[in-house]
Amino acid sequence: MIMIIILFFLFIFGYEWAYLKKKSRKRRTFWIVFCIMGMSFSYCIATIVFKNMPSPNTLIQFLFTPIQQKILGKVD
Amino acid sequence: MPIFSKNKHKTVQNSAHEQLFLGEDYDVRLKWFKTTFQNSDDITVHELTTNQTRCGIVFLQGMVDQQIFDDQVLKYIVSPGFASSRKDLFHKILDLQSISTMCTSIVADIQEAADSVLEGKIIIFFEGDSRMLVIPLTSFEKRAVSETTNENVIRGPREAFVEDIQTNITLIRRKIKSPDLKMEQLVVGRYTKTKVTIGYIQGVCKEELITDIKQRINQLEIDGVLEGSYIEECIEQFPLSPFPQTQKTERPDVAAAALLEGRAVLFVDGTPIPLLVPVTMYMFLQSAEDYYQRFFLTSFIRLLRYTYLLVSLLFPSFYIAITTFHPEMIPTTLLISVAASRDNVPFPGLVEAFIMELAFEGLREAGIRTPKAIGQAIGVLGALVIGQAAVQAGIVSAPMVIIVSITGIASFIIPGYDLAFTIRLLRFPIMILAGTFGIFGLMIGCILIYIHVVNLHSFGVPYLSPTAPLRPADLKDVFIRAPWWFMKRRPSFVGDSNSNRLTIKKSRPEDDED
Amino acid sequence: MRALKWFMVMSTLLLTGCWSRVEINDCAFVTAMYVDKSVKGQMEVTLAFPLPNRLVPGTVGGSASPGNPYTQVSRTGKTITEAYQKMQIDLPRRISWGHTRIIVVSEEMAKEGIGHILEFIARDPKLNINNAVLVAPGKAKDIENLVPAFERFPSEIVREFTQEMVTLYTTPKDFLETENGDMIVGYLTKGKEKMVSEQGKEAMWVGTDGMALFHDYKMVGKIGLKEGRGALWLRNSIKNASVSIISPTDKKPISLLILRSKTKIRPSKNEPFTFDVYVTAEDDISESYSNINLTNAKNIFQLEKIAEKEIKDRISEAFKASKGMKADVFQFGAYLSWYKPKIWKAVKEDWPTVYHDKVKLNIHVDLHIKRPGAENNPIWIKEINS
Amino acid sequence: MKAAQISQNQLLLFLILYFYSTLVGFSASNLIHISQYDTILVLCISGLTAGIYAYFTIKLANRRPNEFFFHYGKDIFPQWIHILFMGFYFFSFLHTSAFVLREYEDFIVQTYLGGTPNWAVGGLLGMVVAVTARSGIQTLFRTAQGLFFLILIADVSNTIFIGKELKWDRWMAFITNHSGHGIFAGTYTTIPFFGEVIVLVFIFPYLTQKNKTLKTVFWAIVLGLLLIIVNFVFLLLLFGPNLASHITYPMLEMVRYIRIADFIENLDPFLISIWSTTVYLKISLLFFLSVQILAQFFRLKDHRPLTFSLAAVMVALSLQMSGGSAALTSFYTNSWATYSYFIEGIPILYLLMDTLKRFIKKRSAKNNKGM
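Protein chains in written order, with the UniProt record's numbering: chain E, 1 to 76; chain A, 1 to 514; chain L, 1 to 386; chain S, 1 to 371.
Pasting the structure below:
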């Protein structure tokens, strides 16, 4: 699984590099694009390595469930 | 032909050579020609003297009509009474051009003269004058206009384009007799110097289209152009797309119809198949005959073609998806017979389909390439026979043979054969997707193709117009063919939109209906 | 751009595989499920499979095949899943539920309750909820032993009963959409009979006989053939039925063939627990032994009245039978809940009792004899009025 | 960024599909569970509310019709608040697309591809979404335009074939059976679906004939509602509220009920795959918007280089967001609606602030003049 992710990211790295080179973008763009790619990569890997990572759903549920229950009354 | 003499100087502009003027010296020029055409024994440099003037004649053997040249030109030049003096000779020949052949011209640039020789023209240069006479007496063996071989019709003209560009242009000119029909000639190819002619109707075709095409062609630096596809692949907007972005036809009537719709025709010398641009996907599903038969029939046949387009693209994948993922879609009785016939087939459905499809494609290719004498033995029938044998041997199942045969036949129904090639090609990846994800994979494949096609443009025209972006007014000639009296306006996605193409002056005679 | 896209698609595919792929010849298609009661509270699940390998094309229907082109496998288990997983272990092919068309429950099992069977059907994603549920006496799995003279597989015969509306086509959906699990289900019979198709040997034969009534997903009783016809009328699924009536002139039978019929149930406007049943039907005359003049409109009108009465009787008998068992199998309660939700809410809790005590039917039958058939009066009647 | 062109017709067709997609497919069970026979009423009220949302959104967008919300937003709110809101939006769009993707993965894996892992389905669809988002919003809308007719044909044929199976006697229940709490709770959870019309504020600069937008959105809501209501009515007539709220995907079961004269037993994989293109459109739009916000945040020339990275995030998020579908359902039923109200209320906040600012400016201008 991690192999697939690494391959995928290697591929898009090459692809975006070629794209940005072809369009002769600024150095800054390169930095931003590849930083985001790096973050995305680490997130993907993290989801596999740390099985029980807190998901945003938990946060949303924590914040909004009480409000909704107040408004609707206790559903279920 | 007078039309082309007008464009003559354009030829010069487009040739990549620098100009070279060698002045009036006869010997210098003679030597230049001799060195330039060294080791080219088919290029003859003939010398003669008349009125005490040495003159050289340079021409390419086999490309000129020597008979006429002897009778109409040489005879007069060398006849004693033709000119009284060298000055008179120059006056008569070079100033008045009173040689009794058409379209003679004068050049001073020796490079251009050499180019003209290679085009099959005769050059005469004289001692004491830098000007050279160019006599276009080009004549070479060419194929006569014959019947169409690929785009056959039951009703409609039979003639087809040939290799010679002049003949092809004539075929168009004979159909559209208007001064607005323009034929702009360019020359492409460092060595081949192939003539490329862009034909369009001024006022119907969009100006930007022509400038766009010219710009794209002018950017080309290519060694040679032996077929229209050289140009096609180099000027496409999406060179990596499997979809054809120019339409090809061998029929003058189709080309003329395209011109009347406001599209441009690209003739390439030596190619019997001109390119029509821009093109939409739907044009590949229209055949010439659609416009010659009655519209009800045509509309029905068009819908049939769309169905078979889908069949040709998806049928094997659909079969794979259903048999391996969704058997509940098949009626129980049919399911049992399919299962029974698949029972002793060792391969999974996907592999089985690949074997059969590849075998079929191979046979089809072999059918084209085999020499005509033995070619008859191999054909679609051959595929079916092999299929039958394969079923009996238990390599493939009988339903698969049916599926593959139907798919194969379906791909012949698409009139635009280059689209049919694309569809054949795309069938395989979709088969893999269907074999992996079932109908979900099939859908993903279709969406991918669809996104790509939506994204595609052919010379600025969206490939799927008029459906995406939607132009309801242009739908009259897409899925159905509306009757001619209904298609009053030209399709707006290519040509100049606001013009009528048909007005019936008197109201149509009332139908005697009761 | 394009090539890259394809490359990406390909790479994912090559890296993975085909997870859910099951070749069609690796599947064992269930055509029917039979559920019997077994010892110790377990149930015996029998699945009927066609055997495609015995149906090699070309020899379909030929007697050359070595055996029957179908088979059945039984296993017991506490749940259906347990039973069929036991079966799966022993079968070389994957059990595929997509083609299950009938579910037959033995009477014994039905009396214990079919709730969990329905639960399995509803939960399995491949199993449709529009297959037919039937009840059979004795062992349900014996049904599969019938000789399929007209069809290729025994289960197809049983399925045709429901398709042709010889008996009720009750689906799990009909059960599940009720609130109380009251439903009426077709009832099969079994018997032995000498069959010409089997060279005069005695063979198993299956037919339909009446209906089984359910209350709270449990079978509570059974009604006979005649009431069963009434139930078909009430469930609005009459088709290919005939009504035999007695001629008013000479008491000889006349048969009517029903071509079209429609039943509408509406709660009565005034009384809370009374329902109006409107039946409209169109018939042809199919047979007449009587000397009544069938070309006379007055006579036909008379016959219509008699036929209406006949149908009315059947319906009210079926209704009475269901009332006696306190099972609201025709879902009058649902009609009440749609039309008069307030009244329904009040009586919802003890609806079976209310149904038994208070519910009444007003049956209005409107029957028309449309055509006399290919003849006007029977041939032996010579000029009655002359 | 070169502004692409989206015609009003494309917007109309797209919005219809957008509304139609998940509401019918994934939320039918829950909605019918809450509001029973009142579902139709609930849908109508929600549609009406969506019209109000759309009115305010377009009012806000019309003030600076050719600018992107991201760019002019900082004129209304202080920059840091605006950035915060935009970050919020970025996350929310990405999260919603991942959420829908997850619902879709669960659906497909559950019903058709039993042994296939979620990530394969999600990865494949995620890739298609990324490719679409990469080729831009214009492609997306054109795609919708073509797909619309296909989906319409599929839906209409579905309704025609299912027609004879329905229990028409039930129609009376739509008139008689009502429950106040059911209506309220149902409406509360349904409005956010239609409230997603606020995405208009992000795509407004792309539109042609901007003055007609409100009309288009109005028609989109009406036609979309029509399509949805027909489906819901049929669901209720076929299964009744009791069964419909017990089935996970009532829509699927309804499609399965079709049998065309024994020719094709179950058309469902076919019809469902046509329907799922609408889901794909919805995910694509939301995903595109989140990519666009990020690109605008970094002031990039175009969004393209970010699509694949973010698509990976989306797929990973969809897989990671919850363990099983029970957690997903409880998230959806317990907090999603309220959360969406917060997200969808933001443009109205901007509008209020903008109006206030203008008012103050006018006042002060008047005062200055007066002085």
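Backbone N, C-alpha and C fix where the C-beta goes; we use that ideal spot for every residue, glycine too.
In this structure Trp-233 (chain L) is buried. Its beta-carbon is surrounded by 16 or more other beta-carbon atoms within 10 angstroms. Along the stretch 110-196 of chain L, the beta strand (DSSP E) occurs as fully enclosed runs of 3 or more residues at 132-136, 183-194, listed in sequence order. At a Cβ-Cβ threshold of 8 Å, Lys-40 (chain L) and Lys-111 (chain L) do not count as neighbours. When 7 Å is used as the limit between beta carbons, Asn-30 (chain S) is near no residue of chain L, the shortest such separation being about 17 Å.
Around the CB of Pro-269 (chain S), 16 or more other CB atoms lie within 10 Å, so the residue is classed as buried. The three-state reading of DSSP puts Glu-47 (chain A) in strand, counting E and B together. The beta-carbon separation of Lys-210 (chain S) and Pro-65 (chain S), rounded to 5 Å, stays under the 8 Å limit for a contact. According to the DSSP secondary-structure assignment, Asn-62 (chain S) is paired through a beta bridge with no residue.
Assigned with DSSP and collapsed to three states, Asn-242 (chain S) falls in helix. Taking C-beta atoms as the reference points, His-326 (chain A) and Gly-435 (chain A) fail to come closer than 8 Å.
For Tyr-112 (chain S), the neighbours in chain A by C-beta distance under 8 Å run, in chain order, Phe-325, His-326, Gly-438, Ile-439, Phe-440. Ser-38 (chain L) and Asp-142 (chain L) have their C-alpha atoms some 14 Å from each other.
Within the stretch 446-475 of chain A, the residues whose Cβ lies closer than 8 Å to any Cβ of chain S are, in chain order, Ile-447, Leu-448, Tyr-450, Ile-451, Val-454, Asn-455, Pro-462, Leu-464, Thr-467, Ala-468, Pro-469, Leu-470.
The stretch 174-192 of chain S and the stretch 346-353 of chain L do not touch, with fewer than 3 CB-CB distances between them shorter than 8 Å.
The CB of Leu-225 (chain L) never comes closer than 7 Å to any CB in chain S; the least such distance is about 27 Å.
Within the DSSP secondary-structure output, Leu-133 (chain A) pairs in a beta bridge with A:Ile-106, A:Ile-124.
The alpha-carbon separation between Lys-74 (chain S) and Glu-67 (chain S) amounts to approximately 12 Å. Contact note: Pro-52 (chain L) reaches chain A through Ile-336, Ala-339, Ala-340, Asp-343, using a C-beta cutoff of 7 Å and chain order.
Take the alpha-carbon of Leu-267 (chain S) and the one of Glu-310 (chain L): they are about 42 Å apart. Boundaries cannot be given for Tyr-37 (chain S), as no alpha helix (DSSP H) includes it and DSSP labels it neither H nor E.
Taken atom to atom, the span from the alpha-carbon of Ile-2 (chain E) to that of Cys-44 (chain E) is near 9 Å.
In the DSSP assignment, Lys-195 (chain A) is bridged to A:Val-187. Taking 8 Å as the CB threshold, Met-132 (chain A) stays off the interface with chain S. With respect to chain E, the C-beta atom of Phe-90 (chain S) has no partner C-beta closer than 8 Å. Within the DSSP secondary-structure output, Thr-263 (chain L) pairs in a beta bridge with L:Val-279.
Within its own chain, the residues whose Cβ lies closer than 6 Å to the Cβ of Gln-145 (chain S), once the five positions on either side in sequence are excluded, are Gln-10, Leu-13, listed in chain order. Only residues of its own chain outside the window of five on either side were considered, and among them Leu-259, Glu-282, Asp-283, Asp-284 have a CB closer than 8 Å to the CB of Lys-370 (chain L), listed in chain order. In this structure, Asp-269 (chain A) and Lys-195 (chain A) form a Cβ contact; the two beta carbons are roughly 4 Å apart against a cut-off of 8 Å.
For Asp-169 (chain S), at least one C-beta of chain L is nearer than 8 Å to its own C-beta. Per DSSP, Asn-25 (chain L) lies in no alpha helix (DSSP H) segment and is marked neither H nor E.
Here DSSP, grouped into helix, strand and coil, assigns Gly-73 (chain E) to coil. When C-beta atoms of the stretch 194-214 of chain A are compared with those of the stretch 256-269 of chain A, three or more pairs fall below 8 Å, so the two segments count as touching. Residue state for Ile-292 (chain L) is assigned as coil, using DSSP reduced to three classes.
Annotation: the continuous alpha helix (DSSP H) that includes Cys-446 (chain A) extends over 417-455. Residue range 137-162 is occupied by the alpha helix (DSSP H) that includes Gly-146 (chain S). Assignment of Thr-249 (chain A) by DSSP, reduced to helix, strand and coil, places it in the coil class.
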